[in-house]
Each structure stands twice: as C-alpha cells, then as structure tokens.
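Engineer: Start counting the sequence shown at 4; every next residue gets the next number (my numbering). Mind looking over this structure? Questions follow.
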Amino acid sequence: MFSRPLKICASLVCADLLHLERELRVLEAAGVDSIHIDVMDGQFVPNYCLSPDVMRAVRRASALPMDVHLMVVRPEQHLEAFVQAGADVLVVHQEATVHLQRTLARIRELGARAGVALNVATPLNTLNYVLEDIDLLLIMTVNPGFTGQKLVPATLRKIADARAMVDARGLPVDIQVDGNVSFETAPKMVRAGANWLVGGTSSLFNPKWSVAEGVQRLRQVAEEARTK
Ligand code: DX5
Ligand code: ZN
4 MFSRPLKICA
14 SLVCADLLHL
24 ERELRVLEAA
34 GVDSIHIDVM
44 DGQFVPNYCL
54 SPDVMRAVRR
64 ASALPMDVHL
74 MVVRPEQHLE
84 AFVQAGADVL
94 VVHQEATVHL
104 QRTLARIREL
114 GARAGVALNV
124 ATPLNTLNYV
134 LEDIDLLLIM
144 TVNPGFTGQK
154 LVPATLRKIA
164 DARAMVDARG
174 LPVDIQVDGN
184 VSFETAPKMV
194 RAGANWLVGG
204 TSSLFNPKWS
214 VAEGVQRLRQ
224 VAEEARTK
C-alpha cells in the first residue's frame, strides 16, 4: 500500500512568479521533490498558465525535477516541446487525447516518464488497457483550471480504487493528487493511496505561513498518515 515513495510537488503557478529564482531557492532548501508545472490552453480548461519558456527559465536556475501537467487539447501535438524544455514526467489528460496509448508510448520514447490525469468525472476503468504504459496516475481532486478550490469528496474513493487497481496488477505506478491538497485533506489522500502530493495555495503557498513551514508540515502530516 505505502510501498511507493512519498513526493511533495510544488505547484509553481501558486508561487511568486515575479521572484521565480528566489522561490526556487526556497523550495530547494525546503526539500521539495519536484516542481509541478501547470499548462493550460484556454480550451481544455478556461484559463491560461505556464509554458515551455517558463520551464526553461526554471531549468536555468534549478536542477529540481519537473512534473508537467498538460491541461491542453490534443497534447500529442506538443510532447516534444515539453520534453525538450525539461519535463521529467509528462502528464496528459485522458479526456484530451484520442489515441491515449500511442501518446503515452511516445512520451516514454522521448525519454520522459508517462503520466495520465483523470478529471473528477472520468472513471478509472478507462485506463484498464493502458495501465502498463503509465508511470504516474494523476487523480484530479478538483475540477482543473483554477487554484483555491474545494476538494470533491468522491475523489477520495477514486484514489483508493486507483491504488487497488495498480497494486492488484503489481505495477510500479505512482498516484498523484492535485487540487486542495491541504494539511487536513492530505492525510486522507495518503491513506487512500496517493504518494505524490501537489502543494498549491492550500498548503505550500499561503500567506499565513512560509513556504518552508508549508513543505515541512505537509510532509509531516503525510508521513504520519503512512505510519498510523
Ligand atoms: C489544478 C491547479 C493545481 C494547484 C491548485 O488545476 O492548478 O495545480 O496546485 O492548488 P490549490 O488547490 O491548493 O490552490
Ligand atoms: Zn496541476
């Protein structure tokens, strides 16, 4: 159940973009495991976000891995651009690509780890025949597009079902959660089987505490959930 390592992914769009380099130094010192890059195209979701240019800027300033969440239609048209810009894990939405298996195989061929994201309403069984092609399964815990939303409670059951599905097949798949990962919700998500946590405004980037405190506290509540 808790065999996969716990990772804290810092959602860069929630950081102070005016002081990107300073934010990266803080995140490195706080020991985050990955920088979560949200990419939005104004079509798949009604918003715009980060880009390969921002990723290149991050890469110049930091060696931290980048997990890239493509909330764009037809992601298969843009895989090369994001791998070349430094994506270590490239995540596409199941709802956005027609030939999902081909898209996932191409990501691995390009040298990145392949991820699939599922919107709240998308069932898990849509991945039944592509599970071997996946390194990371991103369960959206809010409807994507905006920061600062509330957890959709039914997604906790979905995390548990996802963990049971990959464990039953003995596959080395990480389960990532994205959206309202807070000190209150993270333990529930971790107990359900999530092991990659995306920290946004609900945990790491909140004016009420420092980023370093946020990282430390998120890791602490998550580790406790894995031991109790
Ligand atoms: C998903 C969001 C998240 C972000 C939200 O579309 O953009 O990536 O991390 O974090 P919260 O929900 O904590 O503001
Ligand atoms: Zn995201």
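We put the beta carbon where it would ideally sit given N, CA and C, even for glycine.
Return the first residue and the last residue of the beta strand (DSSP E) that L23 is part of.
Structural biologist: L23 -> not in any beta strand (DSSP E); alpha helix (DSSP H) instead, spanning L23 to A33.
Engineer: Can we count V35 as close to ligand 2, meaning its CB is less than 8 Å from some heavy atom?
Structural biologist: For ligand 2, not one heavy atom lies less than 8 Å from the Cβ of V35.
Engineer: Do you know offhand how far L209's Cα is from F85's?
Structural biologist: Before going further, note that residue 209 is Asn rather than Leu in the sequence given. The alpha-carbon atoms of N209 and F85 are separated by roughly 28 Å.
Engineer: Let me check you understand the geometry: is the CB of D177 closer than 8 Å to at least one non-hydrogen atom of ligand 2?
Structural biologist: No - ligand 2 has no heavy atom lying nearer than 8 Å to the Cβ of D177.
Engineer: In the DSSP assignment, what residue or residues form a beta bridge with I11?
Structural biologist: For I11, which the question treats as bridged, DSSP gives the partners L200.
Engineer: Inspect the beta-carbon positions of V76 and Q46 and report whether they are closer than 9 Å.
Structural biologist: Result yes, Cβ atoms of V76 and Q46 sit closer than 9 Å.
Engineer: When the Cα atoms are used, what is the spatial distance from T129 to L21?
Structural biologist: Roughly 40 Å separates the two Cα atoms.
Engineer: Say yes only if the C-beta of V16 is nearer than 8 Å to one or more non-hydrogen atoms of ligand 1, and no if none qualify.
Structural biologist: Within the cutoff, so yes.
Engineer: With DSSP run on the structure shown, which of helix, strand or coil describes L130?
Structural biologist: Three-state DSSP puts L130 in a helix.
Engineer: Quick one: what does DSSP say G217 is sitting in, helix, strand or coil?
Structural biologist: Three-state DSSP puts G217 in a helix.
Engineer: Which term fits E26, buried or exposed, when burial requires 16 or more other beta carbons within 10 angstroms of its beta carbon?
Structural biologist: It counts as buried.
Engineer: Under the DSSP definition of a beta bridge, which residues are partnered with S37?
Structural biologist: DSSP output for S37 lists C12 as bridge partner(s).
Engineer: Give the C-beta separation of V180 and I162 to the nearest angstrom, bearing in mind that I take them to be a contact with Cβ-Cβ under 8 Å.
Structural biologist: Confirmed, Cβ separation roughly 6 Å.
Engineer: Quick one: give me the first and last residue of the beta strand (DSSP E) that R116 is part of.
Structural biologist: Counting along the chain, the beta strand (DSSP E) containing R116 begins and ends at R116 to L121.
Engineer: Round the Cβ separation of R166 and M4 to the nearest angstrom and send it over; I've been treating them as touching at under 8 Å.
Structural biologist: Their Cβ separation, rounded to whole angstroms, is 7 Å, which keeps R166 and M4 in contact under 8 Å.
Engineer: Measure the Cβ-Cβ separation of V218 and L30 and say whether it is below 9 Å.
Structural biologist: Against a cut-off of 9 Å, the Cβ pair of L30 and V218 comes out as a contact.
Engineer: Measure the Cβ-Cβ separation of L139 and I178 and say whether it is below 9 Å.
Structural biologist: Against a cut-off of 9 Å, the Cβ pair of I178 and L139 comes out as a contact.
Engineer: Please name the residue or residues paired with M43 in a DSSP beta bridge.
Structural biologist: The partner list for M43 (beta bridge, DSSP) reads M74.
Engineer: I want to know whether the segment 186-202 touches the segment 7-20 - three or more CB-CB distances under 8 Å.
Structural biologist: Yes, the segment 186-202 touches the segment 7-20.
Engineer: Going straight from the alpha carbon of G89 to that of K191, what length do you get?
Structural biologist: Each residue's Cα considered, the two are about 32 Å apart.
Engineer: When you compare each of D170, A225, V176 and E216 to V193 by their alpha carbons, which one comes out closest?
Structural biologist: For V193, the nearest C-alpha among the options comes from A225.
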